[in-house]
Amino acid sequence: MVARALIDIGTHLRLVALGMECGHGVGLAHQEIQRAVDDARPDESGAVDVSPKRYLFREAGGVRIEGWVEEHEPGTIWLAVDGHRQLERDLPRHRRSELADGAVRGERSS
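Every letter in the sequence shown is one number past the one before it in the working numbering, and letter 21, counting from 1, is 21.
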């Protein structure tokens, strides 16, 4: 089963990563998290790259955690967890709570 959740890039992404590491012992590639944060920042002219992007945060021990930014949505990242049941169960609780219920939901697929 794969769990997915939409996460705000920046502090929220860093907190989710910290929770995975401290709460579940699953470390993510910090350089990849930093790359996602840097990619979401405006450049010197104030422009933000709105092209789609993909990130691989972990692929080890049967656990795969990846993320992707959809086109024209540079401030949020879809995070997907596969191969760790507890993280799969917990991830949807980290979705963007500020959106109206139903607008964005954590998803699970087989």
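Every residue gets a Cβ at the ideal spot worked out from N, C-alpha and C, and that includes glycine.
Computed from a predicted model, the values in this text were never measured in an experiment.
Reduced DSSP category for residue i - H, G, I as helix; E, B as strand; rest coil
i, result
"ASP49", "coil"
"LEU143", "Nothing about residue 143 can be read from this structure; the chain reaches only from 1 to 110."
"ASP43", "coil"
"GLY23", "helix"
"ILE77", "strand"
"ILE9", "coil"
Beta carbon of residue i nearer than 8 Å to that of residue j
i, j, result
"ALA116", "PRO74", "Any question about residue 116 goes unanswered here, given that the chain covers just 1 to 110."
"LEU6", "TRP68", "no"
"PHE57", "LEU18", "no"
"VAL26", "LEU87", "yes"
Where residue i falls, given that 16 or more other Cβ within 10 Å makes a residue buried
i, result
"ALA36", "buried"
"PRO42", "exposed"
"HIS30", "exposed"
Bridge-paired residues (DSSP) for residue i
i, result
"LEU56", "GLU66"
"ASP90", "According to DSSP, which records beta bridges pairwise, ASP90 is partnered with nothing at all."
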